[in-house]
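These protein sequence lines map, in sequence, to chains E, Y, V and U. Counting from 1, one number per residue, gives the positions in the first sequence under UniProt numbering. Counting from 1, one number per residue, gives the positions in the second sequence under UniProt numbering. Counting from 1, one number per residue, gives the positions in the third sequence under UniProt numbering. Counting from 1, one number per residue, gives the positions in the fourth sequence under UniProt numbering.
4 protein chains.
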Amino acid sequence: MEKITQQQVQAVLTPRPTNSYKGSFGRILAVGGNENFGGAITMAAKAAVYSGAGLVTVATSKDNLPALHAVVPEAMYINYFDKVALSAAVAQATVTIVGPGLGTSSRSHEILQIVLTNFDPTHYLIVDGSALTLLAQDPKLQALLPAQHVIFTPHPGEWQRLTGLTVTEQDDVSNRQAQQRFQATVVLKKYHTTIYHADGTTSQLTVGGPAMATGGMGDTLTGIIAAFLGQFSQVPLTAVVNAAVYTHSALADQLALTRHVVVPSVLIDHLPTFIHQLQTP
Amino acid sequence: MEKITQQQVQAVLTPRPTNSYKGSFGRILAVGGNENFGGAITMAAKAAVYSGAGLVTVATSKDNLPALHAVVPEAMYINYFDKVALSAAVAQATVTIVGPGLGTSSRSHEILQIVLTNFDPTHYLIVDGSALTLLAQDPKLQALLPAQHVIFTPHPGEWQRLTGLTVTEQDDVSNRQAQQRFQATVVLKKYHTTIYHADGTTSQLTVGGPAMATGGMGDTLTGIIAAFLGQFSQVPLTAVVNAAVYTHSALADQLALTRHVVVPSVLIDHLPTFIHQLQTP
Amino acid sequence: MEKITQQQVQAVLTPRPTNSYKGSFGRILAVGGNENFGGAITMAAKAAVYSGAGLVTVATSKDNLPALHAVVPEAMYINYFDKVALSAAVAQATVTIVGPGLGTSSRSHEILQIVLTNFDPTHYLIVDGSALTLLAQDPKLQALLPAQHVIFTPHPGEWQRLTGLTVTEQDDVSNRQAQQRFQATVVLKKYHTTIYHADGTTSQLTVGGPAMATGGMGDTLTGIIAAFLGQFSQVPLTAVVNAAVYTHSALADQLALTRHVVVPSVLIDHLPTFIHQLQTP
Amino acid sequence: MEKITQQQVQAVLTPRPTNSYKGSFGRILAVGGNENFGGAITMAAKAAVYSGAGLVTVATSKDNLPALHAVVPEAMYINYFDKVALSAAVAQATVTIVGPGLGTSSRSHEILQIVLTNFDPTHYLIVDGSALTLLAQDPKLQALLPAQHVIFTPHPGEWQRLTGLTVTEQDDVSNRQAQQRFQATVVLKKYHTTIYHADGTTSQLTVGGPAMATGGMGDTLTGIIAAFLGQFSQVPLTAVVNAAVYTHSALADQLALTRHVVVPSVLIDHLPTFIHQLQTP
Numbered sequence: 001m002e003k004i005t006q007q008q009v010q011a012v013l014t015p016r017p018t019n020s021y022k023g024s025f026g027r028i029l030a031v032g033g034n035e036n037f038g039g040a041i042t043m044a045a046k047a048a049v050y051s052g053a054g055l056v057t058v059a060t061s062k063d064n065l066p067a068l069h070a071v072v073p074e075a076m077y078i079n080y081f082d083k084v085a086l087s088a089a090v091a092q093a094t095v096t097i098v099g100p101g102l103g104t105s106s107r108s109h110e111i112l113q114i115v116l117t118n119f120d121p122t123h124y125l126i127v128d129g130s131a132l133t134l135l136a137q138d139p140k141l142q143a144l145l146p147a148q149h150v151i152f153t154p155h156p157g158e159w160q161r162l163t164g165l166t167v168t169e170q171d172d173v174s175n176r177q178a179q180q181r182f183q184a185t186v187v188l189k190k191y192h193t194t195i196y197h198a199d200g201t202t203s204q205l206t207v208g209g210p211a212m213a214t215g216g217m218g219d220t221l222t223g224i225i226a227a228f229l230g231q232f233s234q235v236p237l238t239a240v241v242n243a244a245v246y247t248h249s250a251l252a253d254q255l256a257l258t259r260h261v262v263v264p265s266v267l268i269d270h271l272p273t274f275i276h277q278l279q280t281p
Numbered sequence: 001m002e003k004i005t006q007q008q009v010q011a012v013l014t015p016r017p018t019n020s021y022k023g024s025f026g027r028i029l030a031v032g033g034n035e036n037f038g039g040a041i042t043m044a045a046k047a048a049v050y051s052g053a054g055l056v057t058v059a060t061s062k063d064n065l066p067a068l069h070a071v072v073p074e075a076m077y078i079n080y081f082d083k084v085a086l087s088a089a090v091a092q093a094t095v096t097i098v099g100p101g102l103g104t105s106s107r108s109h110e111i112l113q114i115v116l117t118n119f120d121p122t123h124y125l126i127v128d129g130s131a132l133t134l135l136a137q138d139p140k141l142q143a144l145l146p147a148q149h150v151i152f153t154p155h156p157g158e159w160q161r162l163t164g165l166t167v168t169e170q171d172d173v174s175n176r177q178a179q180q181r182f183q184a185t186v187v188l189k190k191y192h193t194t195i196y197h198a199d200g201t202t203s204q205l206t207v208g209g210p211a212m213a214t215g216g217m218g219d220t221l222t223g224i225i226a227a228f229l230g231q232f233s234q235v236p237l238t239a240v241v242n243a244a245v246y247t248h249s250a251l252a253d254q255l256a257l258t259r260h261v262v263v264p265s266v267l268i269d270h271l272p273t274f275i276h277q278l279q280t281p
Numbered sequence: 001m002e003k004i005t006q007q008q009v010q011a012v013l014t015p016r017p018t019n020s021y022k023g024s025f026g027r028i029l030a031v032g033g034n035e036n037f038g039g040a041i042t043m044a045a046k047a048a049v050y051s052g053a054g055l056v057t058v059a060t061s062k063d064n065l066p067a068l069h070a071v072v073p074e075a076m077y078i079n080y081f082d083k084v085a086l087s088a089a090v091a092q093a094t095v096t097i098v099g100p101g102l103g104t105s106s107r108s109h110e111i112l113q114i115v116l117t118n119f120d121p122t123h124y125l126i127v128d129g130s131a132l133t134l135l136a137q138d139p140k141l142q143a144l145l146p147a148q149h150v151i152f153t154p155h156p157g158e159w160q161r162l163t164g165l166t167v168t169e170q171d172d173v174s175n176r177q178a179q180q181r182f183q184a185t186v187v188l189k190k191y192h193t194t195i196y197h198a199d200g201t202t203s204q205l206t207v208g209g210p211a212m213a214t215g216g217m218g219d220t221l222t223g224i225i226a227a228f229l230g231q232f233s234q235v236p237l238t239a240v241v242n243a244a245v246y247t248h249s250a251l252a253d254q255l256a257l258t259r260h261v262v263v264p265s266v267l268i269d270h271l272p273t274f275i276h277q278l279q280t281p
Numbered sequence: 001m002e003k004i005t006q007q008q009v010q011a012v013l014t015p016r017p018t019n020s021y022k023g024s025f026g027r028i029l030a031v032g033g034n035e036n037f038g039g040a041i042t043m044a045a046k047a048a049v050y051s052g053a054g055l056v057t058v059a060t061s062k063d064n065l066p067a068l069h070a071v072v073p074e075a076m077y078i079n080y081f082d083k084v085a086l087s088a089a090v091a092q093a094t095v096t097i098v099g100p101g102l103g104t105s106s107r108s109h110e111i112l113q114i115v116l117t118n119f120d121p122t123h124y125l126i127v128d129g130s131a132l133t134l135l136a137q138d139p140k141l142q143a144l145l146p147a148q149h150v151i152f153t154p155h156p157g158e159w160q161r162l163t164g165l166t167v168t169e170q171d172d173v174s175n176r177q178a179q180q181r182f183q184a185t186v187v188l189k190k191y192h193t194t195i196y197h198a199d200g201t202t203s204q205l206t207v208g209g210p211a212m213a214t215g216g217m218g219d220t221l222t223g224i225i226a227a228f229l230g231q232f233s234q235v236p237l238t239a240v241v242n243a244a245v246y247t248h249s250a251l252a253d254q255l256a257l258t259r260h261v262v263v264p265s266v267l268i269d270h271l272p273t274f275i276h277q278l279q280t281p
């Protein structure tokens, strides 16, 4: 298992081409945020914007519109109950996040199904939070997963639901076997997060710590992964995912030098300068 | 009566275990915020998040949802008129705050009754603001109070309503007698706040000052107490409450060195770095 | 005409008594903000909180509730169309602001009438913006004005509506004559604002500049005046109003040293530290 | 083709006259922001306020009201479906922005028509985003354009829709010919933005870079142009537009020295100090 190094990450975070425009840096769609968990999708979207994504749209409950635009006016909005609009947005997005705060109701299930049905398999799909639970509950949804370009970002409990592996059973051999059932990249979030790549390689994080253990940190990670996939599309998927996961935790470590807890909203505000620091060592 | 010292507080604020996750640091539920006082419960929730709580949910009027997610997207939401959801949330929370901005209407009364009825007595309950007034008005509600793990955070006016003691009558002997009726920890908020612990000991604050005398400061304190109870559960309750009350006022004193008034929202933003300062003297 | 000096202002801004609580620093009510001008009353309320007011309530259109709590969760709210609640709030407030963003519709007129009818003449009333225009239009409203403790904060256009004096006619003699009709303190906002006090004295500002010429600056001033009246009630009204007007413009001057325009929201954030600077020369 | 220099810009950004008031610095109206793109018009309005505009009103969908006042309480609001209010606001505004987030539905079309029909041709009109697409689709709308004082701010895709010129065909000769059909100033946003002035001269930017390639940057530019037109009305239109475009990109360059991406909301917060820096070299 390879440890992710700062040098590897720096090789991914290439400077932006001079002659570029917002369309050069990805069209991100973030689907989630029911009435109860609206902050989750807002943090994912803000993290994507602050990581350099070109265009970010949030598909969520209308209840979350005022806070979304208050927190990140750069993001666009669609009502995720509008099937036509959601289907079109999924088809157009170069990277889709589904799951943060989505919930597990029948309506959440239906939304996930629309996402999976309309997804363009040449694009990227990040499956997080409630969407992982919905997948665990319904093999028919699993059958709709694209054969490539899928990233799962479970914490150990979600990974257990999806694979049946209890937390103590989640060793590298078992995790790898489980990963192969889905053909997805699996970012297993824990102390020293491990990434089971779809190409069979495994990467491990040596940064990150307990100051990150707070609600919203995982939502924030999905936004960073999405933004990096939208921007660094010439780099192999494995390297881009590693770079995003590393950036998230390395920034948290830097902030934790002076903070008891790293609040996700605070971490997000520091992304533009931290990514620049990584780029210019 | 013991004075609370910084050394005692530092002994409580232990570093987070390396191998921890958000579930390690408590599941906080904050119940309050009617149409008129929605900011109160938002400040309580934000203070809990910025003090290191793992997961924070707010049960409030739907009127307050947009501002809640705009101010603290890390918090989750339930409509406090949804009895099923509220009952389930109370049963699951390791720490419940009830009262900030709750109001004293019959609907507020009903919400407090649901909280008290569904509360798991192995968990912690912080009773503040309107909830104290509702208790004062209705002995039947008082009878529902759990026998342990309850913290009251009255100001002298609320304490008078609850005990019949006028402000001038609120001396240590009388306060202690009144405390024994409720078996609760009583944090009597005033200049040099006194804490009448349930174990019979009494603690007094020597920090804090008039720059804290502004609406919302008490709501903020409930969030800090809740977050500390969620995180430092291996420490005796008396020490955790003392640490939270001290942190709140000592940070205010630090900010008051350069400010005429310490606005609660400003204090909250400084919590992560101040708690870190206390941890690393 | 006396120039307001920093020394005079410092004499007003006495330190807070050690043994004080939020009720010691005034109960402010800010009435205004229709559907179109909701930001005005939010800025007035935030300025009051950041100037040290004890308790601040906003009576406004329900449309403005989400933004109010997002910007200043410390403020409480009532729907200004709820006549019972508005009447009670006016009767209780030690300082009432009426006018920022109130509008001039028949409903605005009715709200102003409720304020004037329920006002306790031992308290303070600040009349700003639309409320001045409504007064100008209706002598019956003028007849409801209390005989003392009233502060008008017109800009020259509003003063013209109220008095008939064109801007060029607004010299000290004419302004003084007009002031005597209302028995109110008149803060005539302009380059080097002049204050015609109800006791017959006149004060002039020598601070302030064109970086303040932006929408919302006047709303902000009302909040500072209200907060100072709530806190420094042992000082004569003339000195308190002078101190508030001076603080507002002197802070703007300090910020304008490095800014092309002083945005009201930015000025408000600096109030707690600036007032402290004035207190500790 | 002339390169825009910092010296030229400094000549435009004259200090504010001492004896000025908010009415001296323009009455800006920003029309746009449907249910899906509400952040766009909020950023335009905030940029105008932070660039020194006197009074800013936003005409948008009511869905966007809470976030608008949360982000920029200095801005006023009208519902853009209220034809009477919109017509009156257009007639009064000294500078109108139309287009950011407006959308291209039949209702968006109707709103643009109301703007063009009620526009006072002695004032300034900035046409951006969706409004350019609507113009491209309907020659009848084009016929309503005023003969002078119009600024188009297309990106190359919008310019293609308006002119039929593919991006590779957009050379200076073709762009100039196309500009002459509209008699408008054309700010063609791209790497080293080129401005085809209505007086036949052409200016080019030598500042700006790829850190600006993110959603919302164009909306922000419209606010700066509007604010400068409102403030520097004694300067020729060509110089004012050049100064606004330069300020926007030069500030982005400064922020990009330490940031991977320049988020529009972050850029806006720096406008007051950056404009001051340009004024005081």
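For every residue, glycine included, the Cβ atom is placed at its ideal position computed from N, Cα and C.
Report the rounded CA-to-CA distance for residue i versus residue j, giving the unit in angstroms.
i                : j                : result
Leu125 (chain V) : Gln142 (chain V) : 13 Å
Val245 (chain E) : Asp63 (chain E)  : 30 Å
Ala184 (chain E) : Tyr196 (chain E) : 8 Å
Val115 (chain Y) : Ser87 (chain Y)  : 7 Å
Thr194 (chain V) : Gln254 (chain V) : 20 Å
Gly39 (chain Y)  : Pro281 (chain Y) : 34 Å
Pro210 (chain U) : Lys189 (chain U) : 12 Å
Leu144 (chain V) : Pro73 (chain U)  : 31 Å
Thr14 (chain U)  : Phe81 (chain V)  : 46 Å
List, in chain order, every chain E residue whose beta-carbon is nearer than 9 Å to that of residue i.
i                : result
Ala70 (chain V)  : Pro66, Ala67 and Ala70
Tyr191 (chain U) : Thr18, Asn19, Ser20 and Tyr21
Can you pull the chain E residues whose beta carbon is under 8 Å from the beta carbon of residue i, in chain order?
i                : result
His155 (chain U) : Tyr21
Report the neighbours of residue i on chain V: residues whose CB is nearer than 9 Å to its CB, in chain order.
i                : result
Ala213 (chain Y) : Arg16, Ser20, Tyr21, Lys22, Gly23, Ser24, Phe25, Gly52 and Gly54
Could you name the residues of chain Y that residue i contacts, counting a contact when the two beta carbons are closer than 9 Å?
i                     : result
residue 325 (chain V) : It is not possible to answer for residue 325 (chain V), since the shown part of chain V is limited to 1 through 281.
Pro210 (chain E)      : Pro15, Arg16, Pro17, Thr18, Asn19, Ser20, Tyr21, Ser24 and Phe25
What are the partner residues of residue i, as DSSP defines its beta bridges?
i                : result
Ile28 (chain Y)  : Y:Val56 and Y:Val95
Leu188 (chain V) : V:Thr194
Phe274 (chain V) : Bridge partners of Phe274 (chain V): none, in fact.
Ile151 (chain Y) : Y:Ile126 and Y:Thr185
Assuming residue i and residue j are in contact, meaning their beta carbons sit under 8 Å apart, how far apart are those beta carbons, in whole angstroms?
i                : j                : result
Val167 (chain Y) : Thr214 (chain Y) : Between Thr214 (chain Y) and Val167 (chain Y) the Cβ distance is about 20 Å, and since that is not below 8 Å, they are no contact.
Ala44 (chain Y)  : Asp219 (chain Y) : 5 Å
For residue i and chain B, any beta-carbon pair shorter than 8 Å?
i               : result
Tyr77 (chain E) : In the structure shown, chain B does not exist; the protein chains are E, Y, V and U.
Whose Cβ in chain U lies nearer than 7 Å to the Cβ of residue i?
i                : result
His276 (chain E) : Thr258, Arg259 and His260
List, in chain order, every chain E residue whose beta-carbon is nearer than 7 Å to that of residue i.
i               : result
Met43 (chain U) : Pro73
Cβ closer than 7 Å: which chain V residues qualify as neighbours of residue i?
i               : result
Asp63 (chain Y) : Leu65
Q.
Along the stretch 234-265 of chain U, where does the CB come closer than 7 Å to a CB of chain E? Name the residues.
A. Listed in sequence order: Thr258, Arg259, His260, Val261, Val263, Pro264 and Ser265.
Q. What are the residues of the stretch 30-41 of chain Y that lie near chain V, defined by any Cβ-Cβ distance shorter than 8 Å?
A. Among the residues of the stretch 30-41 of chain Y, those with a Cβ less than 8 Å away from any Cβ of chain V are Glu35, Asn36, Phe37, Gly38, Gly39 and Ala40, in the order of the chain.
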